[in-house]
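Enquirer: Below: one structure in structure tokens.
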Amino acid sequence: MTPTDLPRPTLFRPSAGALAVLGVGVCALIWGTTWFAITFQLGRVDPIASIVWRFGLASLILFGVCLATGRSIRLTRVQHLAAAGQGMFAFALSYAFVYTAEGLITSGVVAVAFASMALMNLILFRVVQKQTAHRAVWTGAGLGALGVAVLSGGELLGARLGPQAGIGVALAVAAAAVSTLANWFAWRGQQAGSQVIPATAWAMGYGAALVAVFGLVTGVHFSIALTPAYLLSLLYLSVFGSVIAFVIYFSVARSRGYTLASYIGALTPPIALLVSVVFEGARFGWTALVGVGLVVAGQVLLARAPKGS
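Reading the sequence shown from the start, the letters are residues 0 to 308 in numbering that gives the first Met the number 0.
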């Protein structure tokens with residue numbers, strides 16, 4: 000037997016479904032910690048300014064990645080319109096609502112509101128694009144929302160929702176809703192042939208520009224806190240919470256559908272609560288285990304379901 004006759008080792012190649020689940024897990028881990036990181040940006044710097052710094056920096060990094068890797072940053076008119084819509088809803092309105100909400104209620108409650116995004120995506124794409132989804136997708140999204148409700152019920156009940164907190168909850172739900180609309184614009188860009196990284200770079204740039212214009216019109220004082228806590232949180236939110244997480248998110252959405260990608264909204268609250276346990280001394284009981292079990296079951300159903308919106 001010659002060396003060429005010897006059997007060659009089989010390389011392990013994870014399936015597309017496994018890669019999608021891994022991507023969802025990475026995004027959930029990152030975004031599950033960004034809720035806490037945002038709290039370091041509240042106080043001395045106006046939230047509008049913090050949003051501009053965060054997504055302006057993230058946009059510049061992504062444009063730099065495009066130039067360094069030889070990717071074209073040119074978009075067609077249709078692709079620019081889709082990126083502008085994506086930027087307005089995902090990186091301008093959504094995060095303006097999020098930062099304002101976190102000034103009124105705890106970060107964990109804000110995270111809970113995003114658990115509804117998977118169901119919102121199913122409804123939006125069903126109504127607007129007439130897309131159908133497998134029953135397992137609806138069941139998985141429903142299990143995720145139910146799991147987060149069970150997991151976070153104690154925190155929601157203990158929040159003592161007053162008038163200001165009620166406004167905060169409404170803003171958090173509005174943030175989830177406009178993020179769902181952003182997914183539709185991202186899908187439109189995908190249908191028009193735009194690539195993930197250039198489209199996301201433009202979308203973040205448009206979002207930062209829109210927020211900056213709003214700030215200038217409303218008299219926002221644009222400043223930056225030169226403290227380690229603020230600068231490190233800005234770097235983390237820009238590089239990990241924006242560049243890395245959103246590129247993975249929209250890549251998963253394109254390959255496996257926006258509903259599976261949006262399921263990150265159901266996975267982040269358990270991680271956010273765990274961060275609260277480690278850094279804020281929070282405690283939760285057996286209901287957390289039940290909630291996590293439901294979330295994981297929903298994730299399995301979504302990952303195994305046929306590709307859809």
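For every residue, glycine included, the Cβ atom is placed at its ideal position computed from N, Cα and C.
Going by beta carbon distance, what residues of the same chain come within less than 7 Å of THR33, once the five residues before and after it are set aside?
Expert: Looking up residue 33 in the sequence shown gives position 34. LEU236, GLY240, listed in sequence order.
Enquirer: Do the region 48-59 and the region 198-215 touch if we need at least three Cβ pairs shorter than 8 Å?
Expert: As far as the Cβ criterion goes, the region 48-59 touches the region 198-215, which means the pair count is three or higher.
Enquirer: Taking all protein chains shown into account, do 16 or more other C-beta atoms lie within 10 angstroms of the C-beta of GLY63, making it buried, or fewer, making it exposed?
Expert: For the purposes of this step, residue 63 is taken as the residue at position 64 of the sequence shown. Flag for GLY63 reads exposed.
Enquirer: Report the rounded CA-to-CA distance for ALA228 versus ALA135, giving the unit in angstroms.
Expert: Numbered from its first residue, the sequence shown carries residue 228 at position 229. Numbered from its first residue, the sequence shown carries residue 135 at position 136. Those two C-alpha atoms are separated by around 43 Å.
Enquirer: Check ALA224 in the structure and name its three-state DSSP category.
Expert: The residue given as residue 224 occupies position 225 in the sequence shown. ALA224: coil per DSSP, three-state reduction.
Enquirer: Please report the straight-line C-alpha distance between ASN120 and SER222, rounded to a whole angstrom.
Expert: As a working note, residue 120 is residue 121 in the sequence shown. As a working note, residue 222 is residue 223 in the sequence shown. Straight-line Cα distance between these residues: approximately 36 Å.
Enquirer: Are there 16 or more other CB atoms within 10 angstroms of the CB of ARG73, so buried, or fewer, so exposed?
Expert: Within the sequence shown, residue 73 is the residue found at index 74, counting from 1. Exposed, by the Cβ-count rule.
Enquirer: What's the C-alpha gap between LEU215 and VAL299?
Expert: In the sequence shown, counting from the first residue as 1, residue 215 sits at position 216. In the sequence shown, counting from the first residue as 1, residue 299 sits at position 300. The straight-line gap from Cα to Cα measures roughly 46 Å.
Enquirer: So, GLN40 versus LEU233, is the Cβ gap smaller than 8 Å?
Expert: Taking the sequence shown and counting its residues from 1, one reaches residue 40 at position 41. Taking the sequence shown and counting its residues from 1, one reaches residue 233 at position 234. In contact: GLN40 and LEU233 (Cβ atoms closer than 8 Å).
Enquirer: Tell me which residues share the same chain as ALA48 and place their Cβ nearer than 8 Å to its Cβ, disregarding the 5 neighbours each side in the sequence.
Expert: Translated into positions along the sequence shown, residue 48 becomes position 49. GLY214, VAL219, HIS220, PHE221, SER222, ILE223, listed in sequence order.
Enquirer: Would you kindly work out how many angstroms separate the C-alpha atoms of GLY146 and ILE50, rounded to a whole number?
Expert: Along the sequence shown, one-based indexing puts residue 146 at 147. Along the sequence shown, one-based indexing puts residue 50 at 51. Computed Cα separation, rounded: 30 Å.
Enquirer: From this set, THR38, CYS26, ILE247, GLY24, which residue's C-alpha is nearest TYR98's C-alpha?
Expert: Taking the first residue of the sequence shown as 1, we reach residue 98 at position 99. The shortest C-alpha separation from TYR98 is found at THR38.
Enquirer: For the candidate residues VAL168, THR217, GLN189, ARG125, whose alpha-carbon lies nearest to that of LEU80?
Expert: Here residue 80 refers to the residue found at position 81 of the sequence shown. It is GLN189.
Enquirer: Compare the Cα-Cα distances from ALA140 to each of ALA82, TYR257, ALA185, ALA211 and report the closest residue.
Expert: By one-based count along the sequence shown, residue 140 stands at place 141. It is TYR257.
Enquirer: Quick check on GLN194: does DSSP put it in helix, strand or coil?
Expert: Residue mapping note: residue 194 aligns to position 195 of the sequence shown, counting from 1. The answer is coil: DSSP assigns GLN194 none of H, G, I, E or B.
Enquirer: I need the DSSP call for LEU103, collapsed to helix, strand or coil.
Expert: Taking the first residue of the sequence shown as 1, we reach residue 103 at position 104. Reduced to three states, the DSSP call for LEU103 is coil.
Enquirer: Using only CA atoms, which one of VAL242, THR226, ALA175 lies nearest to LEU118?
Expert: To locate residue 118, count along the sequence shown from 1; it is residue 119. Nearest C-alpha to LEU118: ALA175.
Enquirer: Would you mind sorting GLY84 into buried or exposed? The rule is 16 or more other CB atoms within 10 Å of its CB.
Expert: Here residue 84 refers to the residue found at position 85 when the sequence shown is read from its first residue. Buried is the call here.
Enquirer: From what residue to what residue does the alpha helix (DSSP H) around VAL51 run?
Expert: Taking the sequence shown and counting its residues from 1, one reaches residue 51 at position 52. 46-68 is the extent of the alpha helix (DSSP H) around VAL51.
Enquirer: Work out the CA separation of GLY290 and VAL149 for me, nearest whole Å.
Expert: Within the sequence shown, residue 149 is the residue found at index 150, counting from 1. Within the sequence shown, residue 290 is the residue found at index 291, counting from 1. Each residue's Cα considered, the two are about 5 Å apart.
Enquirer: Only counting the same chain, and skipping five residues up and downstream in sequence, which positions put a Cβ closer than 6 Å to that of ILE60?
Expert: Stepping through the sequence shown from its first residue, residue 60 is reached at position 61. Hits under 6 Å: VAL242.
Enquirer: Measure the alpha-carbon distance for VAL126 versus LEU230 and round it to whole angstroms.
Expert: Within the sequence shown, numbered from 1, the residue matching residue 126 stands at position 127. Within the sequence shown, numbered from 1, the residue matching residue 230 stands at position 231. Approximately 42 Å, taken between the alpha carbons.
Enquirer: Only counting the same chain, and skipping five residues up and downstream in sequence, which positions put a Cβ closer than 7 Å to that of ARG187?
Expert: Indexing the sequence shown from 1 puts residue 187 at position 188. Hits under 7 Å: ALA81.
Enquirer: List the endpoints of the continuous alpha helix (DSSP H) containing GLY84.
Expert: Position 85 of the sequence shown holds residue 84. From DSSP, the alpha helix (DSSP H) with GLY84 extends over 76-85.
Enquirer: Determine whether the beta carbon atoms of PRO197 and SER71 lie at a separation below 8 Å.
Expert: Working through the sequence shown from its first residue, we reach residue 197 at position 198. Working through the sequence shown from its first residue, we reach residue 71 at position 72. It is a contact, given that the beta carbons lie within the stated cut-off.
Enquirer: By a C-beta neighbour count over all protein chains shown, 10 Å radius and 16 as the cutoff for buried, is ILE263 buried or exposed?
Expert: Counting from 1 along the sequence shown, the entry for residue 263 is found at position 264. It counts as buried.
Enquirer: Could you compute how far the alpha carbon of THR75 sits from the alpha carbon of ALA185?
Expert: Residue mapping note: residue 75 aligns to position 76 of the sequence shown, counting from 1. Residue mapping note: residue 185 aligns to position 186 of the sequence shown, counting from 1. Each residue's Cα considered, the two are about 14 Å apart.
Enquirer: With DSSP as the reference, label ILE122 as helix, strand or coil.
Expert: Stepping through the sequence shown from its first residue, residue 122 is reached at position 123. Helix.
Enquirer: For ALA296, which residues from the same chain have a beta carbon less than 7 Å from its beta carbon, with the 5 sequence-adjacent residues on both sides left out?
Expert: Taking the first residue of the sequence shown as position 1, residue 296 is located at position 297. Cβ within range, chain order: LEU142.
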